[in-house]
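Protein chains in written order, with my numbering: chain A, 1 to 237; chain B, 1001 to 1237. Where is the CB? At the ideal position from N, CA and C, for every residue including glycine. What follows is a set of notes on a single structure, which appears directly below.
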DNA sequence: AAAAATTATCTGGTCGGACCAGTTCAATTA
DNA sequence: TAATTGAACTGGTCCGACCAGATAATTTTT
């Protein structure tokens, strides 16, 4: 997901974060373990302590470590105290492969957030909303030959627009918070169903929104999610 | 929420972040506006450019600004592209007061996440789970005379434990991601209902989990949420 | 005069040394 | 042996130096 731009070289900090997060998530360090001091790591890696510290701060914000001031840096019980960035790190380590439990969790959240946003939008939509969604869909159709991730981004943006226009702006913030894992999801979704199917689905949503059919739109979302999950389950068998 | 520890003095970076986020959220800067350069701000504030840069990075991770390398720093359309940290910043600016739309959004999410976790836990719970939840509840009862935020933290942790023990660990990560706004919610909830009521509610949940009554537990959550929202609505009239 | 090329200035980006303040551990004293 | 003190260790913050690319201004060419 940090592959938005080609990055031939990682900075010292990025390399450090990548290295340590991999070590933690792969089990080399266990929750509660004390990591080597900043000075030790700086000397060992031949970089400045400030960079190490900055890297640790990043790892802390990712929920992977707990920095105890003046004492040391400890591996966090990240599956218990971690956050969405922890999930992103796990997904990154797995080469952006989502296990079915992650997918299920994402989709449950999505049903909650977008389901409500869809109903709200159906109730309050203007003709300008419909127009905008149609033009956004057309844009996506015109970009059909782009790369996977770019397309995935477009689908994310389309669905985010539902939240934006529903008047439930805080849902938008939540949705953005799941951005990285959502992109991984959309990439997989587009592989599974194909771009045509996915675009037709967008058009179905628009028709339902235009018709102010909140229940219909919600059901379309829910059934799409169920189908996807069923396919994932079948794939894993 | 950054009041976990007494912080009599803010670092230069913290002051900078606080100042700029307030300026953005209060409307002094509009989405799309270009902020003064790092050098200008550093000179104006009498601090180092690196600190300004570090502060801008923080503001970017909060979804409030967009850093265009070599070009400048621009105010983001944060209600559209922001994330949970944006929400935290908004709530912070409002003195940790939650508007009803934020509350509704949080509770919708919570119903989705914890609702499923409750059902899952009812299906898979062990007697050790029940024991642990009871002892956790007792701990909370023993701490009843603590400060509001500490109590709120305890309630957050209790509900998080539902996710942890449900086997849906990724829900835990999502829940942790909403930590700060959730604490604001719990503080308000405890003010509204009182600590005794809130603890009794926990015990009701445990009884239902013990009885493996997933539907009952979900309904208890849903009805609690409805009641809270109704009270909020009434307060605002 | 307009367009293209070059140069200068501006921008954010990264790094590491210097210094700070608190914690922990070892040595000394009572 | 327990308490105290000092040293060593820890993370925390800041800033100047330098880098690389974008943008604006100037010069050259058509």
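- If you ignore the 5 residues before and after residue 1220 (chain B), its C-beta comes within less than 7 Å of the C-beta of 1204, 1205 and 1208, all in its own chain and listed in chain order.
- Under the Cβ criterion (8 Å, minimum of three pairs), the segment 1027-1041 of chain B counts as touching the segment 1072-1082 of chain B.
- Residues of chain B with a Cβ closer than 7 Å to the Cβ of residue 80 (chain A) are, in chain order, 1164 and 1172.
- At the C-beta level, residue 24 (chain A) and residue 103 (chain A) stay beyond 8 Å of one another.
- At a beta-carbon threshold of 7 Å, the residues of chain A lying near residue 1102 (chain B) are 170, ordered along the chain.
- In the three-state reduction of the DSSP assignment, residue 1224 (chain B) falls in the helix class.
- Cβ contact annotation for residue 58 (chain A) (same chain, cutoff 6 Å, sequence separation greater than five): 17, in chain order.
- Just measuring C-alpha positions, the residue of A:214, A:192 and A:172 sitting nearest residue 234 (chain A) is A:192.
- Rounded to whole angstroms, the gap between the alpha carbons of residue 183 (chain A) and residue 1197 (chain B) is 42 Å.
- Excluding the 5 residues flanking it on each side, residue 1067 (chain B) has same chain C-beta neighbours closer than 7 Å at 1056, 1060 and 1073, in chain order.
- Taking C-beta atoms under 8 Å as the contact rule, residue 111 (chain A) and residue 214 (chain A) fail to qualify, at a distance of about 14 Å.
- Counting along the chain, residue 72 (chain A) sits inside no alpha helix (DSSP H); it lies in the beta strand (DSSP E) bounded by residues 72-75.
- Chain A places no beta carbon closer than 8 Å to that of residue 1075 (chain B), leaving this residue out of the contacts.
- Three or more beta-carbon pairs drawn from the segment 1079-1088 of chain B and the segment 1174-1189 of chain B are found closer than 8 Å, and the two stretches are therefore classed as touching.
- Residue 102 (chain A) is bridged by DSSP to nothing; it lacks a bridge partner.
- Runs of the beta strand (DSSP E) spanning 3 or more residues and lying entirely within the segment 20-82 of chain A occur at 65-68 and 72-75, in chain order.
- Restricted to the segment 1170-1207 of chain B, the alpha helix (DSSP H) segments that are unbroken, complete and at least 4 residues in length are 1179-1193, listed in chain order.
- In the structure shown, residue 1094 (chain B) falls within a coil segment according to DSSP collapsed to helix, strand and coil.
- One Cα belongs to residue 170 (chain A), the other to residue 97 (chain A), and the distance between them is close to 28 Å.
- Scanning A:225, A:163 and A:38 for the CA closest to the CA of residue 129 (chain A) turns up A:163.
- In the three-state scheme derived from DSSP, where H, G and I count as helix and E and B as strand, residue 1135 (chain B) is classed as helix.
- Note that the C-beta distance between residue 1083 (chain B) and residue 177 (chain A) is below 8 Å.
- Rounded to the nearest whole angstrom, the C-alpha separation of residue 28 (chain A) and residue 1172 (chain B) is 23 Å.
- Rounded to whole angstroms, residue 1155 (chain B) and residue 1186 (chain B) show a C-alpha spacing of 7 Å.
- Assignment of residue 1144 (chain B) by DSSP, reduced to helix, strand and coil, places it in the coil class.
- Residue 221 (chain A) is outside the set of residues whose beta carbon lies under 8 Å from a beta carbon in chain B.
- One Cα belongs to residue 1222 (chain B), the other to residue 1106 (chain B), and the distance between them is close to 13 Å.
- Scanning A:43, A:134, A:15 and A:194 for the CA closest to the CA of residue 148 (chain A) turns up A:194.
- Contact between residue 160 (chain A) and residue 121 (chain A) does not hold, since their C-beta atoms are separated by about 12 Å, which reaches or exceeds 8 Å.
- Taking 8 Å as the threshold, the shortest C-beta distance from residue 1105 (chain B) to chain A falls below it.
- In this model, residue 1076 (chain B) and residue 1100 (chain B) are separated by some 24 Å (Cα to Cα).
- At a cut-off of 8 Å, the C-beta of residue 47 (chain A) has no neighbouring C-beta in chain B.
- In terms of Cβ geometry, residue 224 (chain A) and residue 201 (chain A) form a close pair [threshold 8 Å].
- Selection A:41, A:93, A:212 and A:108 evaluated against residue 228 (chain A) yields A:108 as nearest (Cα-Cα).
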